[in-house]
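One structure is given below, encoded as structure tokens.
In UniProt numbering, the protein residues as written are 1 to 382.
Right under this line is the structure:
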């Protein structure tokens, strides 16, 4: 018996959508390309909806230009995520043949969504900010504007009293790294729950939070840049109102309020582990900062299996740091502990979950461990 598959409709005209249809005439082998960021050659993030799937039948999707993406080596060992309801996401076994990333999907329902990672929608972001503003002790301290005019809220948890430590956490400078705002949701969940860790931490410190540094790029389905094609995590030496107002806003607020510790939440395409990068290459790097970095890492390792210190980036040589990165720039300017926290697009191989890989839920859980780590070392920050 010959089974005729129904016509497919591929759509990405929605928040964080990104795909180009090359040929969808054969539902058993759909050819697609990933679209570049606006005003930039970067691309890797994809997010699309397929309608007209035939339940019980296998549909193959092929991202034909994967080998030309920003991080072509990242596709090896990577598995796409899928959802039938945009709430529950699961991994789909995927293959990279050196040119295309492809995955076979046996449909259970007539439509499904596919993405590079579990997306963090703009609507959920707006709800998160509103929820945060109603938490006792949390206020919308200031709001910046992106290139396209989207809000960039700065939240402060705490009373701003003199002498308290000022702990900054920002996220999603690279817009395709959606795990970063899932992490920020975990921070705000902890504030809302107001458990002992938060109570003790806020007695000694204020938290300054920017949940999404790059709302334009996230909405447009970018991987790496803002609407102007600027990589925000390479803009901390030359931030401007015209090209990178997102960074200009954050730096202005840091100068106004001060910084005693800084965490910049990101996602890494290639490395299947959670890890941190630090400021060892900064000209102002000192033994005190080195000790704080080691304290943070060892403490976080003791609190969760979803962190490790064996795998990560190659350490910078003394004096050789890239000072355009937020971590290095903030650490140097404020003489403080400054870390880039990287979560994987793949899985955390030290504690793998084949069903979900690394996920939004695991990103949220990691936030709780990071807050407890900051509590354990807040007395040593200055």
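Quick reminder that beta carbons are idealized off the backbone N, C-alpha and C, glycines included.
Straight-line gap, residue i to residue j (C-alpha atoms, nearest Å)
i: residue 13; j: residue 20; result: 11 Å
i: residue 267; j: residue 345; result: 6 Å
i: residue 217; j: residue 224; result: 8 Å
i: residue 38; j: residue 229; result: 6 Å
i: residue 373; j: residue 129; result: 24 Å
i: residue 127; j: residue 317; result: 43 Å
i: residue 57; j: residue 25; result: 16 Å
i: residue 183; j: residue 68; result: 29 Å
i: residue 3; j: residue 28; result: Low per-residue confidence applies at residue 3: pLDDT is 44, beneath 50, and the placement is therefore not dependable, though the value from the model is reported in the following sentence. About 11 Å.
i: residue 60; j: residue 211; result: 35 Å
i: residue 276; j: residue 312; result: 7 Å
i: residue 351; j: residue 367; result: 17 Å
i: residue 11; j: residue 63; result: 15 Å
i: residue 41; j: residue 360; result: 27 Å
i: residue 165; j: residue 363; result: 25 Å
i: residue 122; j: residue 289; result: 36 Å
i: residue 1; j: residue 149; result: Low per-residue confidence applies at residue 1: pLDDT is 38, beneath 50, and the placement is therefore not dependable enough to give any value.
i: residue 107; j: residue 55; result: 5 Å
i: residue 377; j: residue 176; result: 31 Å
i: residue 259; j: residue 327; result: 12 Å
i: residue 262; j: residue 170; result: 8 Å
i: residue 338; j: residue 72; result: 29 Å
i: residue 140; j: residue 104; result: 45 Å
i: residue 231; j: residue 325; result: 10 Å
i: residue 179; j: residue 70; result: 18 Å
i: residue 181; j: residue 134; result: 19 Å
i: residue 255; j: residue 375; result: 24 Å
i: residue 31; j: residue 174; result: 27 Å
i: residue 98; j: residue 382; result: 49 Å
Extent of the continuous beta strand (DSSP E) run through residue i
i: residue 344; result: 337 to 344
i: residue 66; result: Per DSSP, residue 66 belongs to no beta strand (DSSP E) and is neither H nor E.
i: residue 95; result: 94 to 96
i: residue 328; result: Counting along the chain, residue 328 falls outside any beta strand (DSSP E), though it belongs to the alpha helix (DSSP H) covering 326 to 334.
i: residue 359; result: Residue 359 -> no beta strand (DSSP E), and no H or E assigned at all.
i: residue 83; result: 80 to 83
i: residue 276; result: 275 to 277
i: residue 21; result: 20 to 23
i: residue 322; result: Where residue 322 is concerned, there is no enclosing beta strand (DSSP E), given that its DSSP letter is neither H nor E.
i: residue 266; result: 261 to 268
i: residue 33; result: 30 to 33
i: residue 11; result: 9 to 11
Where the alpha helix (DSSP H) through residue i begins and ends
i: residue 198; result: 196 to 204
i: residue 189; result: 179 to 193
i: residue 39; result: Segment: none, residue 39 is in no alpha helix (DSSP H) and carries neither H nor E.
i: residue 216; result: 215 to 220
i: residue 51; result: No alpha helix (DSSP H) holds residue 51; the beta strand (DSSP E) holding it covers 47 to 51.
i: residue 299; result: 287 to 303
i: residue 250; result: 245 to 257
Spatially closest choice to residue i from the options, by CA coordinates
i: residue 412; options: 204, 247, 228; result: This structure cannot settle anything about residue 412, because the visible part of the chain is limited to 1 through 382.
i: residue 283; options: 322, 192, 276; result: 322
i: residue 33; options: 27, 22, 41, 354; result: 22
i: residue 234; options: 264, 259, 104; result: 264
i: residue 278; options: 70, 291, 240; result: 291
i: residue 146; options: 72, 380, 177, 244; result: 244
i: residue 137; options: 125, 192, 98; result: 192
i: residue 304; options: 242, 139, 163, 274; result: 274
i: residue 102; options: 75, 380, 379, 140; result: 75
i: residue 253; options: 201, 70, 208; result: 208
i: residue 157; options: 204, 172, 120; result: 204
i: residue 310; options: 77, 319, 70, 272; result: 272
i: residue 380; options: 125, 201, 65, 174; result: 201
i: residue 119; options: 132, 95, 87; result: 87
Heavy atom of the ligand ADP within 7 Å of residue i beta-carbon
i: residue 162; result: No copy of the ligand ADP occurs in the structure displayed, which carries no ligand at all.
Counting Cβ pairs, one atom from each stretch, are 3 or more of them under 8 Å apart for the region 101 to 117 and the region 46 to 54?
yes
Meets three-Cβ-pair contact criterion under 8 Å: the region 220 to 236 and the region 37 to 47:
yes
Just to confirm the assignment: which complete beta strand (DSSP E) runs, minimum length 3, are found wholly within the region 103 to 171?
111 to 115, 138 to 145, 151 to 157, 165 to 171
Kindly confirm or deny that the region 358 to 377 and the region 188 to 200 touch, where touching means at least three C-beta pairs closer than 8 Å.
yes
Any contact between the region 351 to 364 and the region 89 to 101? By contact I mean 3 or more CB pairs, one from each, below 8 Å.
yes
Taking three-plus beta-carbon pairs below 8 Å as touching, is the region 73 to 87 in contact with the region 115 to 127?
yes
At least 3 beta-carbon pairs within less than 8 Å: the region 326 to 333 vs the region 293 to 303:
no
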